[in-house]
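Scroll down for the structure; my scribbles are underneath it.
Number of protein chains: 2
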Amino acid sequence: MINPDLRYNMPVESPNRCCVVVPGLLVPVRPRVQVLEDMAVVIEGEKITEVIPRSEARRRHADADFVDLPGHVLLPGFINMHTHSAMTLLRGYADDLDLQTWLNRYIWPVEKKFIGPEFINDGTDLAIAEMLRGGTTCFNDFYFFPEITAKTAIRAGMRASIGLPILDFPTVWAGNADEYLEKGLEVSACWEDEPLISIALAPHSPYSVDDRTLTRVADYSRSLDIPVHMHVLESSWEVGESQRSHGKPTLGRLADLGLLNRRLLAVHMTQLDDVDLVTLSDAGVNVIHCPESNLKLGNGFCPVSRLLDHNINVSLGTDGAASNNDLDLLAECRIATLLAKGVASDPRVLNAFQALEMLTINAAKALGRASELGSIEAGKLADMCALRLDALCTTPMYDVVSQLIYSAASRQVSHVWVSGRLLLEDGEFLHMDIAHITDRARRWASRISSGTRPTGVQVL
Amino acid sequence: MINPDLRYNMPVESPNRCCVVVPGLLVPVRPRVQVLEDMAVVIEGEKITEVIPRSEARRRHADADFVDLPGHVLLPGFINMHTHSAMTLLRGYADDLDLQTWLNRYIWPVEKKFIGPEFINDGTDLAIAEMLRGGTTCFNDFYFFPEITAKTAIRAGMRASIGLPILDFPTVWAGNADEYLEKGLEVSACWEDEPLISIALAPHSPYSVDDRTLTRVADYSRSLDIPVHMHVLESSWEVGESQRSHGKPTLGRLADLGLLNRRLLAVHMTQLDDVDLVTLSDAGVNVIHCPESNLKLGNGFCPVSRLLDHNINVSLGTDGAASNNDLDLLAECRIATLLAKGVASDPRVLNAFQALEMLTINAAKALGRASELGSIEAGKLADMCALRLDALCTTPMYDVVSQLIYSAASRQVSHVWVSGRLLLEDGEFLHMDIAHITDRARRWASRISSGTRPTGVQVL
C-alpha cells in the first residue's frame, strides 16, 4: 500500500545509552514557575531519569554523552492538540473564502480525488518535519487513513495520538459510521505495542455523527479509557443546528450521550455561555483552542480567560495547514495569549507561564498522560526541545518565559528529542530526508493544481 | 554626545553602478494583483530604473552586477508605521501587567533613569537590525532624542520617518510643549539633505497635548506639508477623557484644531463608531493599525474591514518592543489579517493581497510618498526585500501571496535593499556589526535589571 520508495531511515540506536543535556537555562514547567540555571537533565533510554546540578551530573555520569547547550533554554516538547497533518499538502490551496465555497469548491473535491495512503504519508511526513522543526514532539491527529499517519509518525520517531475518524457519511476511508468505527479499532490494534502511538476516537462533530454512533463512541471511550477528539461548537451555525435537529443544545446532547467528561477533547469551543462554563468545569472536559483557525474562518472567539477562571484545562492546536496555514505551535501560542488579553480587555490574563503550560503540561493532561509527558521531571518520557536565545528578537533578555512566549520564533528551536532520541540537532534533521519530503510535496501540489483548480462551480 | 566607539561602518560604494535583480517570482504590488515570472528589476543608484523581462535585462545590461535569486520572491520593502525603536532595550522587561502598573512602576522609572543619547543609539541599532532582518526597509519612529534615531538610521543605511515628540509635560528630552516643538524642528533642520530621512510631527496623543500646542502642530504640518504621527483613541478611557476635559469627542476636537486631514497618521484607533468612519474617510485620515499591541494591552479592536469598506487608508505598525515584543512586521501582518476576519466574522475580508498592500503601498501613501515608495516600479526608490520560498512552512506553494501572508516566517527574508544599497545578503548583514549591537543591548539589560527592578511601589 505504501509506495516502495518511502524510506524507513531511522537508524537503530543503542537504546539505553545515558545522555546528559546541559542547557544554559532549564524551564521544566513542573515544578511550576521556575527557571533553573546550572542544571543538567539525564536521559536513559526513553526516559528522563534525573534533573540535577551540572556538577553532580559531570561527576556521576562522566561516561555519558554530554550535550552542552550554553545560550539555550531547554523545555518540554510542545504538544499540538489538533491537527489534520496530511492537509499540509493543501497549505494555501484556497484562502480568503467563505466556509461553504472553501469546502464545496476546493477542499472536498481535492480530498475526494487525491486522498489515499500515499497522500497521507507524504502530507504527514511534511507536517512532522515542520512540527519537529518548531519544537513540537507530539501531535493529536484527526484525518483519514489513520494507520498511515501512525506508520509515518513511527518512522519519523515522532509521538502521536491518532484519532480514528468517524462520520455519518461515506468518504474515501469508510462507507458508514459503523464501518469507520470498526475499521478504526481494527487498524489501531496494531499499535498496542508501539510506545510512540496512542489512540483517540474522533467523531467529526456533534452535527455530523448521530446519537446512536456517539453513544457507541462514549461506550468505547469509557471501556478503553481513551480520549474522544471532536470539533465542538466551532461556529455559531452549530448552536441553531443542534436545536433544530435534536431539540437541545450541543452540550446538553453530549451530556445525555455520556460524552461530557474528562476524556473529551473539545476542539474550538467558540460559542460558550456562562452556564456552559460551569457545565464544562464540572464535567472535567478539556478544551482545545485553535485561535488562528477560528480567526481565519471568522468563527468567533474562544473565551480562554474565562475557561481558566473556571479551572477548565485548555491546550492548543494549530488545526490543519489548509486553514491556518502553518503548524507553528509557538506562534499559535503567542496569538492565543494576545487574543485572550484582547477578548478579556485585560492585559493580565493568560500570562506567559500559563501560555507555556497550554503548550505542554495542559496538553499532556488532556491526553490523560500528565504522569508521562508535559514537563521535564525524573520519570517522565524525554520529549524535549531546546531553543537558541541569541536571536535579535530575543535580545536582550529579562525573563526567559516572557521572551519565549512574546518574542521567540520557532526557527530558534535547535534540538528536539522524542522518547530520548535526538531528532533535530542544531536545526538539522538527523533522521528525515527533507529534500525528498519537500520534493514529494511539490509534486502533489503540481498534480492538484493541474487536476482540480475550479474553473466553474463544482459543488460536491 | 555619541559614544566614540560607535562605528560608522557603511562603506562608500559606487553610487550609480547598475545592478539587476532576477528573482524566481516578483510581486511588485503595483501594478496590482500580479505575480510575475521571468522578470528582472534594474537598479541604478538609489532607484529602480526598469522592470523588464530577464532575457532583455541580460541583453541590455550585460555589464551589470546580476543578483540571481531563483526560489525567492522579490517584494517592495515593508514599512513599519509605528515604532518606538529604542524600546527594544526594554523588550520583555515587564509583561502581563495592567497599563498603570506597567507605566508607573516599570516603563517610566526606567525611561527617567536611563534614557539618553547612548540608550537611543543602542536601542535603535538593535531595532534596525531586527527590522532589516525581517524585510522592513523604512520605519516611522516616535521617541525621545529623534536626532540620535536619525543618525543611527543614516549610519545603518535604513530609511526612517522621524517623529519629533511633543508632550505637555517635562521628560529627559524637553521641558514643555514649546521646547519640544522648537527643539524638534531645530534638530530636524540638519536632515534636509539626508535622502534616507523624512520628518513628522509627533504629538503624543490628544489627551497629553493641549489645544494651543495642537494648533501649532496643525499649522506646521500644513505649512511644511509633513505628517502628524499621533496615538489616537488607543483605549476606551480616552473616549470619556475627551468629553470630561474638552466637552467634545476626540475626533471632533481634532477636526476643530485642524488636524483631521490626509497628513494625520492616527495610530491604534480601537474606539470608532459608524459616524467616525465617515468622518475619517471624508477627511482622508490614515489609520495605523497595531494589532499585537492593542491585543497585548487589552485595548480593543481596530475595525479594519470597516475602515477598508470606507476606503480609509490602513497600514501597519509593530509599536515598541516593550509592548509587542518584537518588530516582526510580517508576523504583525498575519495577525492583522486573521484578526480582521475574526472581528468581522467573515473569512473573506482583508485578503492576502490587501494585507500585503498594508505592509507596503498603503504605508507609502500614509507618509505622502506613494510616488517614491511601496512598490517595485520604474522610477521608485529601490527599497526591496527577497524571501526564500523553500522553507517547510511555505511548502508546497499554490499562491505566493497567500503563502507570504499566512505561512512565511520573517526569517525567510534573505536580501534587503534600501535606496538601492544591499544591506542584507543571504540572511547576513553586510554593514552592521551584530555581535557589537547585541552585546551592547545585553549590557543595558544588565544595568537596567540591577538598577530598577521594582522592589516596592514606585509611582513616578
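If you're matching them up, the sequences are chains A and B in order.
Under our numbering, the first residue of the first sequence carries the number 1, and numbering increases by one thereafter.
Under our numbering, the first residue of the second sequence carries the number 461, and numbering increases by one thereafter.
Just so you know, even glycine gets a beta-carbon here, dropped at the ideal spot from N, CA and C.
Keep in mind it's a predicted model, so treat the numbers as computed, not measured.
As assigned by DSSP and simplified to three states, the class of residue i
| i | result |
| --- | --- |
| B:N773 | strand |
| B:L550 | helix |
| A:V22 | strand |
| B:V688 | strand |
| B:A869 | coil |
| B:T612 | helix |
| A:D96 | coil |
| B:P666 | coil |
| B:E528 | According to the sequence as given, residue 528 of chain B is Asp; it is not Glu. Three-state DSSP puts B:D528 in a strand. |
| A:A189 | helix |
| B:V501 | strand |
| B:V511 | strand |
| B:V570 | helix |
| A:C302 | coil |
| B:N785 | coil |
| A:N294 | helix |
Distance between residue j and residue i (C-alpha atoms, nearest Å)
| i | j | result |
| --- | --- | --- |
| B:H532 | B:R520 | 23 angstroms |
| B:V878 | B:M618 | 6 angstroms |
| B:A524 | B:R477 | 7 angstroms |
| A:R411 | A:R58 | 30 angstroms |
| A:K248 | A:W173 | 31 angstroms |
| B:I626 | A:I120 | 59 angstroms |
| B:F526 | A:E357 | 50 angstroms |
| A:L97 | A:S293 | 13 angstroms |
| B:I657 | B:F599 | 10 angstroms |
| A:C393 | B:G780 | 12 angstroms |
| B:R881 | B:E837 | 17 angstroms |
| B:I512 | B:V860 | 20 angstroms |
| B:T597 | A:F353 | 34 angstroms |
Chain B residues whose Cβ lies nearer than 8 angstroms to that of residue i
| i | result |
| --- | --- |
| A:A441 | T855 and P856 |
| A:F301 | G802 |
| A:W417 | Ordered by position in chain B, no residue passes the 8 angstroms Cβ test against A:W417, which lies about 19 angstroms from the chain. |
| A:Q403 | R551, G552 and N785 |
CB contact below 8 angstroms: residue i versus chain A
| i | result |
| --- | --- |
| B:N811 | yes |
| B:V919 | At B:V919 the pLDDT is 24, less than 50, meaning the model places this residue with poor confidence and gives no usable figure here. |
| B:I795 | yes |
| B:D555 | yes |
| B:L586 | yes |
| B:W942 | Since the first residue shown for chain B is 461 and the last is 920, residue 942 of chain B is missing from the structure and cannot be characterised. |
| B:T915 | Low local confidence applies: a pLDDT of 41 at B:T915 is under 50, so the model's placement there is unreliable, with the coordinate-based value given in what follows. Not closer than 8 angstroms to any Cβ of chain A, the Cβ of B:T915 fails to qualify, so no. |
| B:S658 | no |
| B:Y640 | no |
| B:S909 | yes |
Within-8 angstroms CB hit, residue i to chain B
| i | result |
| --- | --- |
| A:E292 | yes |
| A:S273 | In the sequence as displayed, the identity of residue 273 of chain A is Asp instead of Ser. Judged by the 8 angstroms Cβ criterion, A:D273 is not in contact with chain B. |
| A:L297 | yes |
| A:R348 | yes |
| A:Q34 | no |
| A:Y220 | no |
| A:T438 | yes |
| A:H133 | Strictly speaking, residue 133 of chain A in this sequence is Arg, with His absent from that position. Closer than 8 angstroms to some Cβ of chain B, the Cβ of A:R133 qualifies, so yes. |
| A:D328 | yes |
| A:L99 | yes |
One or two residues paired with residue i in a DSSP bridge
| i | result |
| --- | --- |
| A:N286 | A:L265 and A:N313 |
| B:N564 | Looking at the DSSP assignment, B:N564 forms no beta bridge with any residue, so it has no partner. |
| A:G258 | Paired residue(s): none; A:G258 is not in a bridge. |
| A:R159 | A:C138 |
| B:R881 | B:V878 |
Chain-ordered chain A contacts of residue i [CB-CB under 8 angstroms]
| i | result |
| --- | --- |
| B:F605 | Per Cβ cutoff of 8 angstroms: no residues; B:F605 is ~19 angstroms from chain A at best. |
| B:R871 | A409 and R411 |
| B:T597 | Within chain A, no residue comes near B:T597; the closest Cβ sits about 16 angstroms away, beyond 8 angstroms. |
Contact test: residue i Cβ vs the ligand GDP heavy atom, cutoff 7 angstroms
| i | result |
| --- | --- |
| B:I626 | No copy of the ligand GDP occurs in the structure displayed, which carries no ligand at all. |
Interface partners of residue i on chain A, CB under 9 angstroms
| i | result |
| --- | --- |
| B:G828 | Simply none; closest approach about 30 angstroms. |
Interface residues of chain A facing residue i [CB-CB closer than 7 angstroms]
| i | result |
| --- | --- |
| B:A589 | L392 |
| B:L798 | E292, L295 and K296 |
Interface partners of residue i on chain B, CB under 7 angstroms
| i | result |
| --- | --- |
| A:Y106 | Here the premise fails: no neighbours, minimum Cβ distance about 10 angstroms. |
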